[in-house]
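Data first, discussion second: the structure below is written as structure tokens.
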């Protein structure tokens, strides 16, 4: 792959050691990298040349990462730019705000560098031109037939309610991405406002019980919601 054709990753973090580790790992994986140590530098880098994805720390010295994110999403040219948030363990509320704004994923510090590279590859693959719309038909032992409204585990059909089928399809359409309970209430139940999110937990539990060998593909993301993992990325 030539330098001109390599995908460009912008790393925004004020910790020099983290930037160096991420740059080395991503370059080894075939990416081009550029770095910024604060929000102003990040926005300047984006204006100079738009990256293919941003790794964005939420704790920056001049502006919160969520504000950088808002500015990017408010401009048509950068609104669809994939953003992965880097967070410390104690920043649960910022993570929730980030996902409500539309972040593609988050990675908690301290992190596995290999996991970061895999997440970046998965998100860029999902956003690649020509990527089919809608959910993947097959994930691990799971398969869905949207037109027939049928679901299968290890080749055997399982009986799902309409809501369970829609919930499964939503997870498979957003493979690898965290879905907050609020997002699921809005997209699956079409409910908004101060609605108890316990109904999401109840339905996810019932769905898992029906998925047999595929139940563990739906992961609980503490403090946020759920994510369906892709066995092909492991």
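Numbering (this note's numbering), first residue to last: -10 to 223.
Note that CB positions come from ideal geometry on N, CA and C, so glycine has one too.
Every value quoted in this text rests on a predicted model; they were computed, and no experiment measured them.
Helix, strand or coil for residue i per DSSP?
i	result
residue 226	Here the chain comprises residues numbered -10 to 223, so residue 226 is not present and cannot be evaluated.
residue 212	coil
residue 193	helix
residue 205	helix
residue 106	helix
residue 136	coil
residue 75	strand
residue 127	strand
residue 172	helix
residue 122	Its pLDDT being 45, under 50, residue 122 is placed unreliably in this model, and the value from its coordinates should be taken loosely. Reduced to three states, the DSSP call for residue 122 is coil.
residue 146	strand
residue -5	coil
residue 61	helix
residue 48	coil
residue 182	Reliability of the predicted coordinates at residue 182 is poor, the pLDDT of 48 falling under 50, and no value is obtained from them.
residue 42	strand
residue 99	coil
Between the options, which lies nearest to residue i when the distance is taken from Cα to Cα?
i	options	result
residue 206	50, 142 and 149	142
residue 138	125, 127, 155 and 145	155
residue 213	92, 114 and 56	92
residue 132	160, 107 and 152	160
residue 162	176, 151 and 150	176
residue 188	173, 148 and 36	173
residue 60	35, 77, 50 and 41	35
residue 200	144, 178 and 102	144
residue 28	42, 12 and 50	50
residue 24	66, 130 and 4	4
residue 203	146, 150 and 13	146
residue 18	64, 102, 149 and 96	102
residue 95	165, 171, 65 and 136	165
residue 98	6, 192 and 125	6
residue 77	47, 65 and 125	47
residue 100	198, 208, 221 and 8	8
How many whole angstroms separate the CB atoms of residue i and residue j, which I take to be in contact at a CB cut-off of 8 Å?
i	j	result
residue -4	residue 21	7 Å
residue 44	residue 58	The Cβ separation is near 12 Å, so there is no contact.
residue 31	residue 1	4 Å
residue 153	residue 196	5 Å
residue 167	residue 216	5 Å
residue 55	residue 90	7 Å
residue -2	residue 52	Not really, about 21 Å apart at Cβ, beyond 8 Å.
residue 105	residue 219	Actually they do not touch by this definition, with Cβ atoms about 16 Å apart.
Margin query: Threshold first: 4 residues or longer. Then list the alpha helix (DSSP H) segments lying entirely within the segment 10 to 38, N to C.
Written below: Segments of the alpha helix (DSSP H) lying fully in the segment 10 to 38: 28 to 37.
Note to self: Any contact between the segment 98 to 112 and the segment 61 to 74? By contact I mean 3 or more CB pairs, one from each, below 8 Å.
What the structure shows: yes
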